[in-house]
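Visitor:
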Amino acid sequence: MKMQKDIKLAPYTTYKIGGPAKYFAECKSEKDILYALKWAKEKELPYFVLGGGSNLLVSDGGYKGLVIHIFNAGILQDGMEIEAGAGTTMEDLVDLSVKNGMKGLEWAGGLPGQLGGALRGNAGAFGGEIKDIVKSVRVVSADGEIKDFTKAQCNFTYRTSVFKENPGDIIVSAKLNLKKGNADELRQVADGHMEWRRTKHPIEYGNSGSVFKGVELEKLPAMAVKEYPDFKRAIRDGRVAAAFFIDRAGLKLKRIGGAEVSGKHPNFLINRTGSARAEDVIILKSIVKSRVMCELGAALEEEIEFLD
């Protein structure tokens, strides 16, 4: 592994937006991660852990520290247990589990990104979440120690975990417990979810996935509940989909520079032109939040992370 300088980050994100990293390290093993972390500490540099870049917006000015790119892909199967590196793509995990009749990951069919990011943000879709199958997670702490977290110690809740609360920690790998299932049935479910994403999500454009979290039902003002009773169709697990409010506010196709509120799924702020700037997305995001709050009384909270 070698330290690289002035590496453009846009190609490493699904948004295809962002300036360069001053330093960049591609880590293919636990040893590489430990070395990169030690190097950053010795240079007194901030560091950022980059996985699949699917839930990230990088500033136009880039990042002045060290970007540690997790690239330690690899899967070991033992019965109904999988041990995988944090750099393993969710696509590969779903494919292996489905082929071997292992139930518990089929909900993630078509989900972008890597295992590390899914664990950090407790990724979920179609009623499933990554926390449902976690046995343990191996981490390099900010002080360079190797730690193994039990599922309980991960503190998984809606779209977050202890790892998101402690961004200096670096996920290395995880063990996942799955159940016996029918391979053909699981393939049908996973493929159905992939097709749904192709149909409903604007994957033909650069995007970061859902920009805003669902709004907790109990946090909605009485005004919104009274005037927009049809929001009930958008409720999932006690939250109302942010897309419902953005659509209601008439923001579909709203554009700032090269960024646009998707007409296909309004919780996606897409890189419509392929040359959008982070500034375009930030301004558009602010307009969406303000309009939704003013017109519908719902406070939207970002799900994506901003690297500056």
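When we follow our numbering, the leftmost residue of the sequence shown carries the number 328, and every step to the right adds one. Beta carbons: idealized from backbone N, C-alpha and C, even for Gly. Keep in mind the model is a prediction, meaning the values are calculated, not measured.
Beta-carbon within less than 8 Å of Glu630's beta-carbon, same chain only, minus the 5 sequence neighbours each way: which residues are those?
Guide: For Glu630, where only same-chain residues beyond five positions count, the Cβ hits under 8 Å are Asn382, Gly448, Arg486, Gly536, Ser537, Val538, Phe539 and Lys540.
Visitor: CB Met330 to CB Cys354, shorter than 8 Å?
Guide: Not a contact, by the Cβ cut-off of 8 Å.
Visitor: According to DSSP, is Asp459 part of a helix, a strand, or is it coil?
Guide: Of the three classes helix, strand and coil, the one that applies to Asp459 here is helix, per DSSP.
Visitor: Could you check where the beta strand (DSSP E) with Ala411 kicks off and where it finishes?
Guide: Per DSSP, Ala411 belongs to the beta strand (DSSP E) from Glu408 to Gly412.
Visitor: Could you check whether the segment 386-396 touches the segment 349-364, counting it as contact only if at least three pairs of C-beta atoms, one from each stretch, sit closer than 8 Å?
Guide: They touch, by the three-pair rule.
Visitor: Can you name the residues that DSSP bridges to Glu587?
Guide: Beta-bridge pairing links Glu587 to Arg582 and Ile597.
Visitor: Please classify Ala625: does DSSP put it in a helix, a strand, or coil?
Guide: Residue state, collapsed to three classes: coil.
Visitor: Pull up the DSSP beta-bridge partners for Pro347, would you.
Guide: Paired residue(s): Lys335.
Visitor: Threshold first: 4 residues or longer. Then list the alpha helix (DSSP H) segments lying entirely within the segment 379-448, N to C.
Guide: DSSP runs (the alpha helix (DSSP H)) wholly in the segment 379-448: 417-426 and 442-447.
Visitor: Kindly indicate which three-state DSSP category Arg525 falls into: helix, strand or coil?
Guide: The answer is helix: DSSP assigns Arg525 an H, G or I state.
Visitor: Pick out whichever of Val552, Asp496, Met417 and Asn504 has its Cα sitting closest to the Cα of Met521.
Guide: That would be Met417, whose Cα lies nearest to the Cα of Met521.
Visitor: At the level of alpha carbons, what is the spacing between Ala450 and Gly345?
Guide: Cα to Cα, the separation comes out at about 23 Å.
Visitor: Between which two residues does the beta strand (DSSP E) holding Phe375 run?
Guide: Its beta strand (DSSP E) spans residues Tyr374 to Leu377.
Visitor: Roughly how many angstroms separate the alpha carbons of Ile610 and Asn427, rounded to a whole number?
Guide: Going by the C-alpha atoms only, they are around 46 Å apart.
Visitor: Whose C-alpha, out of Lys553, Lys506, Lys559 and Pro556, is nearest the C-alpha of Asp405?
Guide: Nearest C-alpha to Asp405: Lys506.
Visitor: With DSSP collapsed to three states, give me the class of Arg618.
Guide: Here Arg618 sits in helix by DSSP.
Visitor: Please look up how many angstroms separate the CB atoms of Pro593 and Ile573, rounded, as I've assumed it's under 8 Å.
Guide: Right, the Cβ-Cβ distance comes to about 4 Å (below 8 Å), so this counts as a contact.
Visitor: Nearest to Met550 by CA position, among Lys474, Ala367 and Leu623, is which residue?
Guide: Checked all of Lys474, Ala367 and Leu623; the closest Cα to Met550 is Leu623.
Visitor: Check Val538 in the structure and name its three-state DSSP category.
Guide: Here Val538 sits in coil by DSSP.
Visitor: Got a sec, what are the start and stop residues for the beta strand (DSSP E) Glu632 sits in?
Guide: That run of the beta strand (DSSP E) goes Glu632 to Leu634.
Visitor: Just curious, the alpha helix (DSSP H) that Asp359 is in, first and last residue?
Guide: Start and end: Glu357 to Glu369.
Visitor: Given this structure, state the Cα-to-Cα distance separating Val464 from Gly379, to the nearest angstrom.
Guide: Roughly 18 Å separates the two Cα atoms.
Visitor: Closest by CA to Trp434, which one among Ala569, Ile460 and Tyr342?
Guide: Nearest of Ala569, Ile460 and Tyr342 to Trp434, Cα basis: Ile460.
Visitor: Suppose the cutoff is 8 Å on Cβ atoms and the five residues either side in sequence are ignored; what does the same chain contact list for Ile395 look like?
Guide: Contacts found: Ala352, Cys354, Ile360, Ala363, Leu364, Ala367, Tyr374, Phe375, Val376, Leu377 and Ile497.
Visitor: Please report the distance separating the alpha-carbon of Glu512 from that of Leu423.
Guide: Their Cα atoms are separated by approximately 14 Å.
Visitor: In angstroms with no decimal places, state the Cα-to-Cα distance between Ile275 and Leu578.
Guide: Here the chain has residues from 328 to 635 only, and residue 275 is not among them.
Visitor: For Ile477, list the residues DSSP reports as bridge partners.
Guide: First, the amino acid is wrong: residue 477 is Thr here, not Ile. Answer is Ser463.
Visitor: Can you round the beta-carbon distance between Val542 and Ala569 to whole angstroms, since I take them to be within the 8 Å contact cut?
Guide: Going by Cβ atoms, the distance from Val542 to Ala569 rounds to 6 Å, so yes, they are a contact pair.
Visitor: Return helix, strand or coil for Leu505, following the three-state DSSP convention.
Guide: The answer is coil: DSSP assigns Leu505 none of H, G, I, E or B.
Visitor: For Thr639, which residues from the same chain have a beta carbon less than 7 Å from its beta carbon, with the 5 sequence-adjacent residues on both sides left out?
Guide: The question about residue 639 has no answer, for the chain in this structure spans 328 to 635.
Visitor: Within the same chain, show all residues whose beta-carbon is closer than 7 Å to that of Phe483, passing over the 5 residues directly before and after it, in chain order.
Guide: Only Asn449 and Lys458 meet the Cβ criterion.
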